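Numbering (my numbering), first residue to last: 3 to 322.
For each residue, glycine too, the CB sits at the ideal point set by N, CA and C.
Owing to the predicted nature of the structure, the values given are computational and were not obtained by experimental measurement.
To start, the structure under review is shown below, and the notes come after it.
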Ligand code: FO1
């Protein structure tokens with residue numbers, strides 16, 4: 003029997019968060035000020051991972067760890083005030099330098115790649131990196147297996163970072179492919195974290211390239227659909243636009259309504275409650291028409307106090 007020291011209102015069975023991208027990491031930083039960080043398990047997307055000059059780069063995992071450690075860069079990724087000496091030297095040699103890996107961030111990729119080469123799983127290597135940064139929450143990749151996200155555009159099939167960074171998310175997306183999904187197995191603890199949690203939160207992430215790749219790992223979607231936990235999703239779309247990134251464009255080009263209810267419809271069989279932003283309060287009935295509870299609160303995470311307010315509001319909405 004695991005007995006957790008819980009603060010008022012903190013779910014005793016812990017909170018599990020499905021996360022990918024900068025918005026999710028910012029939300030998690032707020033959540034970690036509301037509850038004991040050790041009661042949070044984060045299931046991270048790995049679809050953005052890629053091999054960069056022979057190193058395993060895992061942006062969604064690193065963004066969560068760096069942000070929970072208060073170390074993230076101003077764009078929400080990489081390390082604050084990092085230098086780019088190695089990147090510049092790469093460019094001078096004619097090496098690929100379009101993906102901005104800073105010098106201190108480089109240590110993360112060198113260390114992770116070394117651990118993987120020594121036979122550790124991505125989950126074990128991630129635990130070492132999270133602990134080294136003082137992060138007390140459990141940060142778990144959804145799978146230890148290869149599970150890249152491929153974006154289909156007029157320019158053809160693009161690896162995620164080529165689409166997102168090299169081509170600045172400028173291509174219209176017609177389809178998302180997850181070629182490794184069928185073979186991917188949930189990492190140890192992923193299914194239990196969804197089933198045993200008191201509360202599961204789908205973070206304000208891109209539903210197509212951050213959340214769907216997590217759900218597409220066999221067993222994960224079912225675990226969420228059947229979980230006895232309270233299940234809440236936070237809209238990444240506010241006033242018909244994405245706070246950051248291509249989520250609104252993708253909703254449009256993939257044929258969905260570009261709105262909070264458009265996102266809620268994607269999750270309707272997997273959650274009980276959907277949190278919209280206060281500017282979309284008039285859309286609450288449209289979300290309720292999907293059979294979901296809907297709560298409209300201020301979800302803009304402009305600074306750390308705002309992050310904490312959003313997390314507290316989501317916990318409140320989940321408890322209602
Ligand atoms: N995003 C960019 O727009 N430009 C970059 O040069 C860049 C470098 C980078 C390095 C490490 C890392 O962990 C993330 C990085 N990102 C960069 C963000 C990354 O592409 C996205 O945050 C995730 O893949 C999806 O949110």
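Residues that DSSP places opposite residue 238 in a beta bridge: As a position in the chain shown, residue 238 is number 236, starting the count at 1. Bridge partners of residue 238: none, in fact.
Environment of residue 95 [buried if 16+ CB atoms lie within 10 Å]: Locating residue 95 in the chain shown gives position 93, where the first residue counts as 1. Exposed: under 16 other Cβ atoms inside 10 Å.
Proximity test, residue 103 beta-carbon vs the ligand FO1 heavy atom, cut-off 7 Å: Translated into positions along the chain shown, residue 103 becomes position 101. Yes, since a heavy atom of the ligand FO1 falls inside the 7 Å radius drawn around the Cβ of residue 103.
Minimum length 4: unbroken alpha helix (DSSP H) runs contained in the stretch 282-319: 286-290
Cβ contact check for the stretch 12-26 and the stretch 39-51: 3 or more pairs under 8 Å: yes
Nearest residue (CA-CA) to residue 297, options 109, 118, 34 and 288: Counting from 1 along the chain shown, the entry for residue 297 is found at position 295. The candidate whose alpha carbon is nearest that of residue 297 is 288.
Among 215, 64, 211 and 82, nearest to residue 134 - alpha-carbon criterion: Translated into the one-based positions of the chain shown, residue 134 becomes position 132. The shortest C-alpha separation from residue 134 is found at 64.
Segments of 4+ residues assigned as alpha helix (DSSP H) that fall wholly inside the stretch 182-245: 192-198, 214-217 and 222-228
Contact set for residue 82: own chain, Cβ-Cβ below 8 Å, skip 5 residues either direction: Here residue 82 refers to the residue found at position 80 when the chain shown is read from its first residue. 73, 74, 75 and 76, listed in sequence order.
Where residue 315 falls, given that 16 or more other Cβ within 10 Å makes a residue buried: On the chain shown, position 313 is the one that residue 315 refers to. By the neighbour-count rule (16 or more Cβ atoms within 10 Å), residue 315 is buried.
Helix, strand or coil at residue 4 [DSSP, three-state]: Locating residue 4 in the chain shown gives position 2, counting from the first residue. Unreliable positioning characterises residue 4 in this predicted model, as indicated by a pLDDT of 41, which lies under 50. The coordinate reading is nonetheless provided below. Coil.
Host beta strand (DSSP E) of residue 18 (start-end): Locating residue 18 in the chain shown gives position 16, where the first residue counts as 1. Where residue 18 is concerned, the enclosing beta strand (DSSP E) stretches over 17-21.
Residue 10 - DSSP class collapsed to helix/strand/coil: Position 8 of the chain shown holds residue 10. Caution applies to residue 10, whose pLDDT of 49 falls short of 50 and renders its modelled position unreliable; the model cannot decide the point.
C-beta atoms of residue 180 and residue 145 nearer than 8 Å: Within the chain shown, residue 180 is the residue found at index 178, counting from 1. Within the chain shown, residue 145 is the residue found at index 143, counting from 1. No; because the gap between Cβ atoms is not below 8 Å, this pair is not in contact.
Segment contact flag, the stretch 247-264 with the stretch 215-232, C-beta cutoff 8 Å, min 3 pairs: no
Cβ neighbour criterion (16 or more within 10 Å) applied to residue 243: The residue given as residue 243 occupies position 241 in the chain shown. Per the 10 Å Cβ criterion, exposed.
Start-to-end residues for the beta strand (DSSP E) that takes in residue 279: What you label residue 279 is simply residue 277 of the chain shown in a count that begins at 1. Residues 275-279.
Cβ distance (whole Å) where residue 93 is taken to contact residue 85 below 8 Å: Counting from one through the chain shown, the residue named residue 93 turns up at place 91. Counting from one through the chain shown, the residue named residue 85 turns up at place 83. About 14 Å separates the beta carbon of residue 93 from that of residue 85, a gap too long to meet the 8 Å contact definition.
Cβ-heavy atom distance, residue 61 to the ligand FO1, below 7 Å: As a working note, residue 61 is residue 59 in the chain shown. Answer for residue 61: yes, Cβ within range of the ligand FO1.
Cut-off 7 Å between Cβ atoms - residues of its own chain near residue 191, not counting five sequence neighbours on either side: By 1-based counting over the chain shown, the position of residue 191 is 189. Around residue 191: 142.
Given 8 Å, three or more beta-carbon pairs between the stretch 258-273 and the stretch 197-211: Yes, the stretch 258-273 touches the stretch 197-211.
Start and end residues, beta strand (DSSP E) containing residue 140: Numbered from its first residue, the chain shown carries residue 140 at position 138. Per DSSP, residue 140 belongs to the beta strand (DSSP E) from 140-143.
Beta-carbon contacts of residue 302 that lie in its chain and below 8 Å, excluding the five residues immediately before and after: One-based indexing of the chain shown puts residue 302 at position 300. Once the five neighbours on either side are set aside, the close Cβ partners of residue 302 are 240, 245, 279, 308 and 312.
Coil, strand or helix - residue 155 by DSSP: Locating residue 155 in the chain shown gives position 153, counting from the first residue. Reduced to three states, the DSSP call for residue 155 is strand.
The ligand FO1 heavy atom lying under 7 Å from the CB of residue 115: Counting from one through the chain shown, the residue named residue 115 turns up at place 113. False, no ligand heavy atom lies under 7 Å from that Cβ.
Runs of alpha helix (DSSP H) lying entirely within the stretch 43-128, each at least 4 residues, in chain order: 61-70, 87-94 and 105-119
Where the beta strand (DSSP E) containing residue 265 begins and where it ends: Sequence index remark: in the chain shown, residue 265 carries index 263 (1-based). Per DSSP, residue 265 belongs to no beta strand (DSSP E); it is in the alpha helix (DSSP H), 262-269.
Distance between beta carbons of residue 203 and residue 225, contact taken as under 8 Å: For the purposes of this step, residue 225 is taken as residue 223 along the chain shown, with counting starting at 1. For the purposes of this step, residue 203 is taken as residue 201 along the chain shown, with counting starting at 1. That pair is no contact at about 15 Å.
Segment limits, beta strand (DSSP E) that includes residue 179: Here residue 179 refers to the residue found at position 177 when the chain shown is read from its first residue. Segment 175-179, the beta strand (DSSP E) holding residue 179.
Distance cut-off 7 Å: residue 65 Cβ against heavy atoms of the ligand ZN: For the ligand ZN, the structure offers nothing, since it holds only the ligand FO1.
Top-ranked residue by Cα proximity to residue 185, from 51, 231 and 148: Your numbering for residue 185 matches position 183 in the chain shown. For residue 185, the nearest C-alpha among the options comes from 148.
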